[in-house]
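And the structure:
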């Protein structure tokens, strides 16, 4: 394994029209979860990835496993729970520029994930452990699972990469702030957004956000700036990386997960930190041009074409 992650993946019900959900008659279904989005992104780029989780022994769970297997993610350590159902969520596209998300995940199979579900030998086989701030918010056992996985990773020399991925609807602000900071103290690399830096520290500039995380002991900080790109800081090396222009944003959800996949691919290829951040910006930009969290994730050839602007033709014949 190159990268292993743990967390919840759900089935998304996506409306075919804009407006209030009560008026939407038709929905399509997709598979989406922050951690699995990133793993699929890495798999498409040619890396070996593994996912640890729980799904219900139901059709939604079967859909998730089938999708991840089909995208090349190893799911051999995913447990099918006979007593709890798979979580789901729905999108509401109020208009072209505003989207709401409604979760139905309380008591889901993934929320019963425990540290006993984590196979130490399997996790030790990877180079990186990738985690987000969503998982510890799901339940006390998920909280324990995250810190247990970090402990195993450190024991076996894995680098731990953390995307805070703040979800205020999952827990209280005090608990969220305290937990995300506690996790940050244990990781090697962190990928926050400006809003998360403001939530955790009251800071709004990338430089000050990086400084705060460095004080917690984080070695490398990459602050995502959306369409503007990113800013990174590591051992005195700091720089802004410009974003890639996008003609039209079709679906902004999933951009951060794509960023993580591109960035991690750079680390796995041992390129410079600057180049790794560029890859992250590129994948994030590609993802927002396609409907869905994983549908726009590129393979390596598509990524290189996008970054190098090899062709400007609209149709490849």
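In UniProt numbering, the protein residues as written are 1 to 317. Glycine included, each C-beta is placed from N, C-alpha and C at the ideal position. Since the model is a prediction, treat every value here as computed from it, not as a measurement.
> Along the chain, which unbroken stretches of the beta strand (DSSP E) at least 3 residues long are found entirely within the region 154-223?
Replying inline: As far as the region 154-223 is concerned, its whole beta strand (DSSP E) runs of at least 3 residues are 159-163.
>> Suppose you measure from the CA of residue 238 to the CA of residue 263; what does that come to, to the nearest Å?
In response: One C-alpha to the other measures close to 16 Å.
> Any idea what DSSP makes of residue 126, helix, strand or coil?
Replying inline: Three-state DSSP puts residue 126 in coil, outside helix and strand.
> So what does DSSP say about residue 67, is it helix, strand or coil?
Replying inline: Reduced to three states, the DSSP call for residue 67 is helix.
> Under the three-state reduction of DSSP, which class applies to residue 45: helix, strand or coil?
Replying inline: Three-state DSSP puts residue 45 in coil, outside helix and strand.
> Pairing CB atoms from the region 124-143 with CB atoms from the region 13-26, are three or more of them under 8 Å?
Replying inline: No: the two stretches stay apart, fewer than three of their Cβ pairs being nearer than 8 Å.
>> Buried or exposed, going by whether 16 or more other CB atoms sit within 10 Å of the CB of residue 54?
In response: Classification of residue 54: buried, given that the 10 Å Cβ count is 16 or more.
>> Relative to the C-alpha of residue 148, which candidate in 86, 114, 170, 128 has its C-alpha closest?
In response: Nearest Cα to residue 148 within the set 86, 114, 170, 128: 114.
>> With distance defined between alpha-carbon atoms, name the residue in 78, 189, 84 nearest to residue 117.
In response: From the listed residues 78, 189, 84, the smallest Cα separation to residue 117 is found for 78.
>> Closest to residue 74 by C-alpha separation, out of 90, 265, 100, 6, would be which residue?
In response: It is 6 whose Cα lies nearest to the Cα of residue 74.
> Under a three-way DSSP split, which group does residue 14 fall into?
Replying inline: Strand, per DSSP.
> Which value, in whole angstroms, describes the spacing of the CA atoms of residue 211 and residue 204?
Replying inline: Cα to Cα, the separation comes out at about 12 Å.
> Which whole-angstrom value is the C-beta distance of residue 41 and residue 188, which I expect to be below 8 Å?
Replying inline: With a Cβ gap of about 20 Å, residue 41 and residue 188 do not count as contacting.
> Could you give the distance in angstroms between the alpha-carbon of residue 286 and the alpha-carbon of residue 155?
Replying inline: Approximately 36 Å between the Cα atoms of the pair.
>> Assuming residue 260 and residue 236 are in contact, meaning their beta carbons sit under 8 Å apart, how far apart are those beta carbons, in whole angstroms?
In response: Actually they do not touch by this definition, with Cβ atoms about 24 Å apart.
> What is the DSSP secondary structure of residue 93, counted as helix, strand or coil?
Replying inline: In the structure shown, residue 93 adopts extended strand secondary structure according to DSSP, grouped into three states.
>> Using the Cβ count rule (16 or more neighbours within 10 Å means buried), how would you classify residue 153?
In response: Classification of residue 153: buried, given that the 10 Å Cβ count is 16 or more.
> Quick check: the region 86-95 against the region 54-68, are there 3 or more CB pairs under 8 Å?
Replying inline: Cβ pair count under 8 Å is three or more, so yes.
> Three-state secondary structure (DSSP) at residue 50?
Replying inline: Collapsing the DSSP output to three states places residue 50 in a strand.
> Given residue 2, which residues of its chain have a CB within under 6 Å of its CB, disregarding the five upstream and five downstream residues?
Replying inline: If we look at residue 2 and ignore the five residues flanking it on each side, its Cβ neighbours are 47, 48, 127, 268.
>> As a quick exercise: from 266, 104, 252, 223, pick the residue whose alpha carbon is nearest that of residue 97.
In response: That would be 252, whose Cα lies nearest to the Cα of residue 97.
> Would DSSP call residue 117 helix, strand or coil?
Replying inline: It is helical.
>> I'd like the span of the alpha helix (DSSP H) that includes residue 57, first residue to last.
In response: Going by DSSP, residue 57 is part of no alpha helix (DSSP H) at all; its letter is neither H nor E.
> According to DSSP, which residues form a beta bridge with residue 99?
Replying inline: Note: residue 99 sits in a beta bridge opposite 93.
>> Just to confirm my understanding: we take residue 39, look at its own chain, exclude 5 residues before and 5 after, and list those with CB closer than 6 Å. What are they?
In response: These residues qualify, in order along the chain: 5, 49, 51, 73.
>> Assuming residue 218 and residue 241 are in contact, meaning their beta carbons sit under 8 Å apart, how far apart are those beta carbons, in whole angstroms?
In response: Not a contact, Cβ separation roughly 18 Å.
>> As a quick exercise: from 58, 295, 172, pick the residue whose alpha carbon is nearest that of residue 31.
In response: Nearest neighbour of residue 31 by Cα position, chosen from 58, 295, 172, turns out to be 295.
>> Please identify the residue among 109, 150, 290, 215 whose C-alpha is closest to the C-alpha of residue 162.
In response: Ranking 109, 150, 290, 215 by Cα distance to residue 162 puts 150 first.
>> Rounding to the nearest angstrom, what Cα-Cα distance links residue 184 and residue 216 in this structure?
In response: C-alpha separation (whole angstroms): 7 Å.
> Which residues does DSSP pair with residue 242 in a beta bridge?
Replying inline: In DSSP, residue 242 forms a bridge with 229.
> If we count the other Cβ atoms within 10 Å of its Cβ and call it buried at 16 or more, is residue 265 buried or exposed?
Replying inline: Counting Cβ neighbours within 10 Å, residue 265 comes out buried, since at least 16 surround it.
> What whole-angstrom Cβ distance do residue 129 and residue 160 have, given they're in contact under 8 Å?
Replying inline: Sure, about 5 Å apart at Cβ, within 8 Å.
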